[in-house]
Every structure is written in structure tokens, then in C-alpha cells.
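Data first, discussion second: the structure below is written as C-alpha cells.
In UniProt numbering, the protein residues as written are 1 to 388.
Set out below in C-alpha cells:
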């Protein structure tokens with residue numbers, strides 16, 4: 001009854017229905033003869049069969065299977081019809097198959113539930129692709145960062161290697177020069193020993209001694225510096241009485257100060273403590289105070305002071321000696337520059353002491369700096385932890 005009523009209602013719309021079915025993007029329509037001839041197919045169905053033989057494109061059920069079905073039933077078949085070929089991509093549509101006389105009609109469409117499932121699959125697939133894209137972008141950024149770090153590390157390694165090459169070149173020169181002097185003095189002495197009086201002989205022996213001591217000091221500094229560079233020094237920080245340590249170093253350097261009548265003032269407050277490696281801190285302060293003595297004239301002055309800065313102590317060694325120009329000041333801690341210098345009384349130096357000061361200060365997580373002007377003295381400051 002319903003079909004007849006529907007047929008009656010749609011009888012005036014056959015042209016519109018035919019046009020709509022031929023253009024529909026969701027309806028698949030094909031009309032075959034029982035002689036396996038394709039009488040009509042809308043655009044959707046043509047896309048499925050492509051250039052293949054139309055009846056052979058019906059894979060399941062096959063066209064022969066459809067012909068064998070009971071022609072009295074209407075529809076002959078209702079379900080999924082698979083269309084395609086054995087070598088390519090196959091598609092299944094939900095369709096009804098009808099037969100009237102020598103004609104077979106296949107009409108079907110997209111299964112809504114199947115479409116929903118496919119959409120869900122595509123949605124999940126798109127999410128996975130998005131996740132993979134984000135992961136790839138993340139990994140790309142990490143790789144770029146790693147490459148940047150590697151490039152920076154290589155550049156720093158090149159800089160350090162170049163700096164060390166220059167450093168070794170300078171060091172070789174400064175090791176060789178004193179030996180040239182020693183050999184020269186000894187040669188002159190050996191050739192003229194019987195001709196020189198005691199005073200002349202003592203003069204040459206003193207020159208040999210001073211040159212030998214310079215070499216010994218240089219080798220000592222070099223050994224300490226090399227061990228520091230190779231992490232050969234254990235780092236064992238402890239609580240240290242700063243004022244007491246400076247008094248101890250003042251006693252060690254007293255002879256050098258007395259030779260120039262230099263006044264020394266320990267202005268560090270009593271009970272001031274720092275958290276440092278005792279050997280490293282001694283080395284730092286001894287070098288800074290020895291440098292101050294070296295570059296201070298007779299009757300000059302040296303003082304050591306400190307001030308607390310949060311969890312750190314800022315320690316300054318000041319003198320009113322000859323000072324430095326801007327260029328010298330900028331190259332103080334540069335291993336690639338010439339580091340030997342001569343004091344106000346002709347004292348020889350290596351410059352390694354300041355490099356040790358920098359190395360040991362940085363091992364404490366601190367920093368070292370210097371301020372100076374020509375003929376106005378120098379101020380060397382180290383900042384190290386004041387507590388654990």
C-alpha cells in the first residue's frame with residue numbers, strides 16, 4: 001500500500017527524480033540487461049567501475065550470481081555490493097537489486113553507520129597524524145637545539161685549543177729565556193773565574209740564582225695550573241676564618257714587603273667566615289698579595305678588605321702601586337696573551353698566578369675582577385661563598 005501511494009505521489013515528479021538520481025553524490029544507480037549490457041549508470045556508479053567491464057566489476061555478488069537468484073523475489077538481493085576489480089581498490093555500497101523482465105536495476109547509497117564509523121576512523125587517524133606532526137616538530141626543535149649546542153661547543157673547543165696553543169708557545173719562550181741567561185752567566189763565569197774577584201763572582205752567582213728561581217717558580221705555577229686544568233685538584237670546601245687566613249699569608253709574604261718597606265693592612269672584620277677550599281683560597285690570596293707587592297713601589301701600601309653580599313663574600317686586595325693601562329687590564333686573564341711582566345724592583349713573573357686565581361675562584365662558583373689605572377694602583381676582587 002505504501003509503495004503504491006508513494007508511486008502515485010511521485011508520478012508527477014519522474015523527470016525531477018531522474019535528474020536528481022543521475023546527479024546525486026550519494027546514490028549509486030545502474031541498469032543492466034540480462035545480456036550483460038550496461039543500459040545506464042549515473043556518475044557515481046561510473047566512478048566505481050572506471051574503465052573496467054561493467055558486469056565484471058560486480059565482484060560480490062557477481063553478475064552471474066544475481067542472474068541465478070529467484071526472480072520472483074523483490075528485491076533479488078539486499079545488502080552490500082562490492083564493486084571494483086581484482087587488482088585495485090574495491091568499494092562496497094549498501095544496495096538493493098531488482099529484476100523486471102530482462103532488466104536488472106542496482107540502486108544503492110552510502111550506509112550512514114558505515115560513514116560514521118569511517119569518519120570516526122578518519123578523525124582518530126587525523127589525531128594520530130597531528131600527534132605525530134607535533135612530535136616531529138618537537139624532535140626537530142630538539143635536534144636544532146642540539147646542533148646549536150654542538151656548534152657552540154665546537155666553536156668553544158676551537159677557541160680553547162687556539163688559546164692553549166698560544167699559551168704553550170708563550171710558555172715555551174718564557175721557559176727558554178731564563179735558561180739562556182743561566183747558561184750565559186755560567187759560561188762567562190767559567191771563562192773568567194780566575195780573573196774575577198769575589199764581588200764580581202758573587203754578582204754572577206746571584207744572577208744565576210735569580211734566573212734559576214724564576215724558572216723554578218714558573219715550573220711550580222705551571223704544575224699547579226696544569227693540575228687545575230685537568231681537574232687534578234680535589235675540591236674540598238670548608239668553613240674558613242678569613243681574617244686569620246690573611247694574617248697567615250701576610251706572615252709568608254713579609255720578607256717581600258719588608259724589602260720595599262711596604263705597609264700592610266688586614267681590614268677584614270674578625271669572625272668573617274667563608275666556605276672555600278683552603279688550599280685554593282690560600283693560592284688565590286697569596287698570588288694576589290704577592291702581585292700587589294711586586295707592583296708597589298717602596299714605602300707603598302697594601303690592604304685587604306671584604307664585604308658580605310648575600311650568600312657570598314667579596315674580598316678585595318688593593319695597592320697604590322704602578323697600576324695598569326686599559327689594554328693590559330683587558331688581557332689579564334687571557335691565556336692567549338703574553339703574561340710575563342716585571343715588578344718595580346725588577347721582579348720577574350709568569351702571569352700564571354692570575355690564571356690560577358681565576359680557575360680556583362670559578363671552581364667555587366665565584367668570579368674575579370680587576371680595576372686599575374696607571375700610577376693609581378690596582379684593586380683585585382674575588383667573590384666566593386660565605387656559607388654552605
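Heads up, the beta-carbon is just placed ideally off N, CA and C, and yes, glycines get one too.
Backbone CA spacing between residue 80 and residue 106 [nearest angstrom]: 11 angstroms
Beta-carbon spacing of residue 386, residue 312 below 8 angstroms: yes
Cβ neighbour criterion (16 or more within 10 Å) applied to residue 318: buried
CA-to-CA distance, residue 272 to residue 241, given in whole angstroms: Between the alpha carbons of residue 241 and residue 272 lies a gap of roughly 6 angstroms.
Exposure of residue 54, with buried meaning 16 or more beta-carbon neighbours within 10 Å: So residue 54 counts as buried.
Straight-line Cα distance separating residue 370 from residue 250: 21 angstroms
Cα-Cα separation, residue 324 to residue 137: Looking at the two C-alpha atoms, the distance is approximately 53 angstroms.
Nearest-angstrom Cα separation, counted from residue 308 out to residue 244: 17 angstroms
Inter-stretch contact (C-beta, 8 angstroms, three-pair minimum) for the segment 39-53 and the segment 83-101: These segments touch.
Nonlocal neighbours in the same chain, by C-beta distance under 6 angstroms from residue 367, ignoring five residues either side: Around residue 367: 383.
Whole-number beta carbon distance between residue 296 and residue 302, since they are thought to touch under 8 angstroms: 6 angstroms
Rounded separation between residue 327 and residue 269 - CA only: Approximately 34 angstroms, taken between the alpha carbons.
Contact under 8 angstroms by Cβ, residue 262 with residue 286: no
Contact belief for residue 333 with residue 354 at Cβ below 8 angstroms, rounded distance in angstroms: 6 angstroms
Distance, residue 184 Cα to residue 200 Cα: 15 angstroms
Closest residue to residue 293 among 380, 204 and 109 (Cα-Cα distance): Ranking the options by Cα distance to residue 293, first place goes to 380.
Contact check, residue 322 vs residue 266, beta carbons under 8 angstroms: no
Three-state secondary structure assigned by DSSP to residue 30: strand
Three-way DSSP call (helix, strand, coil) for residue 188 in this model: Here residue 188 sits in helix by DSSP.
Cβ-Cβ distance between residue 186 and residue 215 below 8 angstroms: no
Ranges of the alpha helix (DSSP H) found wholly within the segment 243-319, counting only runs of at least 4: 254-260 and 278-294
Where residue 238 sits in the DSSP three-state scheme: strand
Beta strand (DSSP E) segment containing residue 93, residue limits: 91-100
Beta-carbon spacing of residue 90, residue 59 below 8 angstroms: In this structure, residue 90 places its C-beta atom within 8 angstroms of the C-beta atom of residue 59.
Option in 51, 64, 15 and 13 with minimal Cα separation from residue 32: 64
Classification of residue 257 by the beta-carbon crowding that lies within 10 angstroms, buried from 16 upward: buried
Per-residue DSSP class, three states only, for residue 110: coil
Contacts around residue 36, its chain only, beta-carbon distance under 7 angstroms, and the 5 residues preceding and following it disregarded: 55 and 63
Which of helix, strand or coil DSSP assigns to residue 79: strand
Nearest-angstrom Cα separation, counted from residue 356 out to residue 306: 21 angstroms
Coarse secondary structure for residue 39, derived from DSSP in three states: strand
Buried or exposed (CB count within 10 angstroms, at least 16 for buried), residue 364: buried
Delimiting residues of the beta strand (DSSP E) encompassing residue 381: 377-385
Residue 310 classed as buried or exposed, judged by whether at least 16 other C-beta atoms fall within 10 angstroms: exposed
Straight-line Cα distance separating residue 156 from residue 238: 32 angstroms
Residues near residue 375 by beta carbon distance below 6 angstroms, same chain, minus five either side: 323
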